[in-house]
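A.B. asks:
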Amino acid sequence: MGTREKESSMAQEPLATKGNFLHIYDFRVEAGREDEFVRLFEEFDYSDGNPMHKSWAQVKDGVLCRDTEDPQRFFLIAEWSDIVEHAKIRKVLAEELKPAFVGLIEGRKFVPKYVEVVSSTPDEILNAAAH
3 MGTREKESSM
13 AQEPLATKGN
23 FLHIYDFRVE
33 AGREDEFVRL
43 FEEFDYSDGN
53 PMHKSWAQVK
63 DGVLCRDTED
73 PQRFFLIAEW
83 SDIVEHAKIR
93 KVLAEELKPA
103 FVGLIEGRKF
113 VPKYVEVVSS
123 TPDEILNAAA
133 H
């Protein structure tokens with residue numbers, strides 16, 4: 003597929019599904035410790051000890067994003083079907099597991115904003131765009 007065709011075609015899958023929820027963590031990491039933070043985050047996130055990945059309510063695994071203009075600012079976004087379940091697991095993380103990466107976050111504040119997905123591209127439109 004040429005560049006022009008890619009530019010005019012629609013993505014084949016929405017980022018999230020209507021009716022689900024996203025958690026969005028917005029935080030800053032201590033200056034000069036950003037690479038260490040990413041390493042520690044990945045060590046915990048991809049380990050067998052991460053209870054988030056064992057939950058029935060996690061729809062899509064999270065992505066860690068870094069601000070292109072502020073290298074200390076990060077976002078963690080994932081899709082869940084049940085934010086009450088996410089909050090229960092988050093409490094276990096904060097009070098019992100205490101992952102090392104949280105110690106590199108300014109103010110040690112690692113609390114999400116929950117948002118509901120109220121619109122996502124319907125399947126019939128995605129299917130029509132695929133043909």
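Numbering (the working numbering), first residue to last: 3 to 133.
Each residue gets a CB set at the ideal place from its N, CA and C atoms; glycine is no exception.
#1: For A96, which of helix, strand or coil comes out of DSSP?
#2: Using beta-carbon positions only, say whether R41 and L106 come within less than 7 Å of one another.
#3: At the level of alpha carbons, what is the spacing between V94 and A132?
#4: Rounded to whole angstroms, how far is the Cβ of V113 from the Cβ of K20, which I believe are closer than 8 Å?
#5: In this structure, how does DSSP classify R68 when only helix, strand and coil are distinguished?
#6: So, L24 versus V86, is the Cβ gap smaller than 7 Å?
#7: Please classify Y27 as buried or exposed, where buried requires at least 16 other C-beta atoms within 10 Å of its C-beta.
#8: With DSSP collapsed to three states, give me the class of L42.
C.D. replies: According to the structure data:
#1: In the structure shown, A96 falls within a helical segment according to DSSP collapsed to helix, strand and coil.
#2: The answer is no: Cβ separation not under 7 Å.
#3: C-alpha separation (whole angstroms): 42 Å.
#4: Rounded, the Cβ-Cβ distance is 25 Å, inconsistent with contact.
#5: It is a strand residue.
#6: In terms of Cβ geometry, L24 and V86 do not form a close pair [threshold 7 Å].
#7: That one is buried.
#8: Helix, per DSSP.
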